[in-house]
Amino acid sequence: MPVTGSAPAVAQFGVIGLGVMGQNLALNIEDHGISVAVWNLRPEAVDHFLAENAGRRLVGSKGLSEFVRSLQRPRRILMMITAGNPVDEMLARLSPLLEPGDIVIDGGNSFFKDTQRREAEMRARNLNFFGMGVSGGAEGARHGPSLMPGGAKEAYEHMRPTLEAIAARSDSGPCVTWVGPDGAGHFVKMVHNGIEYGDMQLIAEAYDILRKALRLGAAELAEIFETWNRGPLESYLIDITAQIFTVADPETGKPLVDVVLDAAEQKGTGKWTAQVALDLVVPVPTTAAAIDARGLSSLKNERVVAAEKYPRDAVAYKGDKRGLIEAVHDALYAAKICSYAQGMGLIRAGSNEYSWNISLREMARIWKAGCIIRARLLDAIMKGFERTPDLPNLLLDSEFQRAVTAAMPKWRRAVCVAAELCIPVPAMSASLAYLDSYTSAQLPQNLTQAQRDFFGAHTYHRADRPTAPAAHTDWSALARTPGKAAK
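With positions in the sequence shown counted from 1, the corresponding number in the working numbering is that position plus 41.
Structure follows, in structure tokens:
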């Protein structure tokens with residue numbers, strides 16, 4: 042059994058998979074005085090990792106059986122491997138080697154329904170399986186991520202000291218908590234990533250308005266975003282955006298962001314968020330708009346041709362420069378609140394659907410540090426759910442009501458300016474439409490339902506008797522041609 046200089050023969054924690062995330066989490070765990078056994082499908086990766094970290098409490102194994110034997114009981118094993126079939130294949134190899142009470146954690150971005158299935162299969166063998174969302178990227182994994190574990194609560198107690206030790210910390214404590222049973226952790230991570238998609242798209246739209254309407258260059262944009270990061274918009278994504286604008290391309294000397302191809306890729310977790318939201322009938326228009334925006338961005342060649350067929354005059358904004366910057370700030374902030382409101386609503390719906398009893402207050406708390414969507418706003422969200430634990434929507438909280446109401450005039454102005462100047466702002470517009478729809482006592486879906494009853498006899502409920510049995514009308518028999526006198 043290869044070990045580093047000071048490693049014990051038996052380790053307290055195990056990590057399978059020595060990609061960047063697996064390596065960094067293993068080192069993070071070891072930093073906190075916990076010995077770690079490591080195994081990788083490619084044995085040379087184990088040798089290389091041990092050689093680079095000589096003197097640490099690391100136990101390396103060439104075989105999976107040897108790896109399992111090197112762990113204290115109950116065994117605690119974190120898998121950091123590719124989601125999908127590789128997880129099932131690894132569990133098929135690993136589970137026969139384990140003993141009742143052992144714990145296996147999937148730290149990848151697995152689909153929550155796969156996690157539910159795997160948890161049930163492992164539980165039938167008296168083994169504990171956790172699906173754990175890990176957010177923060179490589180840097181977070183190394184120095185403190187946000188962790189979202191879902192599985193048996195009793196088994197969580199065996200992992201809690203280690204997870205709390207390696208997690209990021211905010212003024213509200215370690216950024217980890219027991220999320221709920223079976224797939225709850227991966228469900229929350231999925232929604233986290235959907236919010237992340239929306240956040241990134243909203244920031245991109247703010248940038249697009251400022252550069253196209255005001256013709257601002259990278260240096261001035263860096264100053265604006267740096268200033269915004271000292272106010273209510275303070276967040277990791279705003280911070281790195283400001284930094285991005287300061288980087289020059291070594292080849293051309295231009296701002297590097299200006300030579301990056303405008304075609305964004307995606308790995309699928311945002312798409313899962315939108316699909317699950319449709320299944321649960323929860324509107325998440327900001328995330329959906331962000332997904333569509335990435336899809337449209339990938340049609341680069343088509344867009345170039347279309348731009349020639351639909352020419353537009355390059356008209357700069359003629360109004361007050363400072364006023365528009367402030368309007369974009371308020372639009373970004375209010376739209377962000379709506380995006381989080383949608384995400385929290387989806388978590389609540391999933392919790393209700395699968396009887397997870399997820400605490401929305403705790404989800405906001407563990408996202409305050411370590412994760413990609415960490416932001417000052419999350420402290421306000423946490424406090425909103427402290428005031429009203431069963432709050433149906435963030436927009437109904439008194440503090441958020443005041444904030445959104447104050448931002449609304451400038452938000453609408455920013456969206457109008459973008460429309461006038463042919464600057465697409467799908468996420469900002471979707472958030473605004475979400476707000477206007479959610480806060481409208483009367484929507485036009487009475488007509489939609491009448492149409493459904495006309496052509497499909499789908500019935501409808503009367504507004505004056507909403508709890509009465511559904512009604513149906515033979516609309517064609519009663520209708521007359523518009524413009525002609527009734528017979």
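All residues carry an ideal CB built from backbone N, CA and C; glycine is no exception.
- Excluding its 5 nearest sequence neighbours in each direction, Phe-152 has C-beta neighbours in its own chain below 8 Å: Ala-124, His-227, Met-231 and Trp-313, listed in chain order.
- Its chain contains Ala-368 as the residues whose beta carbon lies nearer than 6 Å to that of Arg-454, once the 5 sequence neighbours on both sides are disregarded; these appear in chain order.
- Inter-residue distance for Ala-390 and Ala-305 is about 29 Å (C-alpha atoms, whole angstroms).
- Here the segment 312 to 332 makes no contact with the segment 287 to 296; the two share fewer than three CB pairs at distances below 8 Å.
- Within the same chain, and ignoring the five residues on either side of Trp-516 in sequence, the residues whose Cβ sits closer than 6 Å to its Cβ are Phe-495.
- Counting C-beta pairs closer than 8 Å gives three or more between the segment 242 to 255 and the segment 368 to 377, which meets the contact rule.
- Per the DSSP secondary-structure output, Gly-101 pairs in a beta bridge with Val-79.
- Annotation for Gly-191: the continuous beta strand (DSSP E) segment containing it runs 187 to 191.
- Under DSSP, the beta-bridge partners assigned to Met-120 are Ile-57 and Asp-147.
- By the Cβ test, the segment 216 to 227 is in contact with the segment 405 to 420, since at least three Cβ pairs between them sit closer than 8 Å.
- A residue is called buried when at least 16 other Cβ atoms come within 10 angstroms of its Cβ; Cys-463 does not meet this threshold and is exposed.
- CA-CA distance, Thr-480 to Arg-116, rounds to 51 Å.
- In terms of Cβ geometry, Ala-459 and Ile-250 form a close pair [threshold 9 Å].
- The Cβ atoms of Gly-172 and Pro-190 lie closer than 9 Å to each other.
- Secondary structure of Ser-111 (DSSP, three-state): coil.
- Along the length of the segment 448 to 485, whole alpha helix (DSSP H) runs at least 4 residues long occupy 467 to 479, reported in chain order.
- The C-alpha of Ser-392 lies about 10 Å from the C-alpha of Leu-401.
- Scanning its chain for C-beta atoms nearer than 7 Å, with the 5 sequence neighbours on each side dropped, one finds around Ser-338 the residues Asp-303, Ala-304 and Ala-305, in chain order.
- Between the alpha carbons of Trp-269 and Pro-324 lies a distance of about 29 Å.
- In the three-state DSSP reduction, Ser-211 falls in the strand class (E or B).
- Secondary structure in the segment 212 to 294: the alpha helix (DSSP H) runs of 4 residues or longer, each lying completely within the stretch, are 225 to 254, 259 to 269 and 277 to 285 in chain order.
- Contact annotation: Pro-222 and Glu-160 have beta-carbon atoms nearer than 9 Å.
- Phe-496 sits in a helix when the DSSP states are folded into three classes.
- Distance check between Lys-103 and each of Glu-427, Arg-83 and Asn-169 places Arg-83 closest, using alpha-carbon atoms only.
- Ranked by Cα distance from Ala-182, the options Ala-498, Gly-63 and Gln-53 are led by Gly-63.
- The beta carbons of Thr-327 and Ser-472 sit closer together than 9 Å.
- As a beta-bridge residue in DSSP terms, Met-173 pairs with Pro-190.
- Annotation for Glu-349: the continuous alpha helix (DSSP H) segment containing it runs 341 to 350.
- Less than 9 Å divides the Cβ of Asn-167 from the Cβ of Gly-142.
- The beta-carbon distance between Lys-424 and Leu-255, rounded to whole angstroms, is 35 Å. This is too long to meet the 8 Å contact definition.
- In the structure shown, Tyr-501 adopts extended strand secondary structure according to DSSP, grouped into three states.
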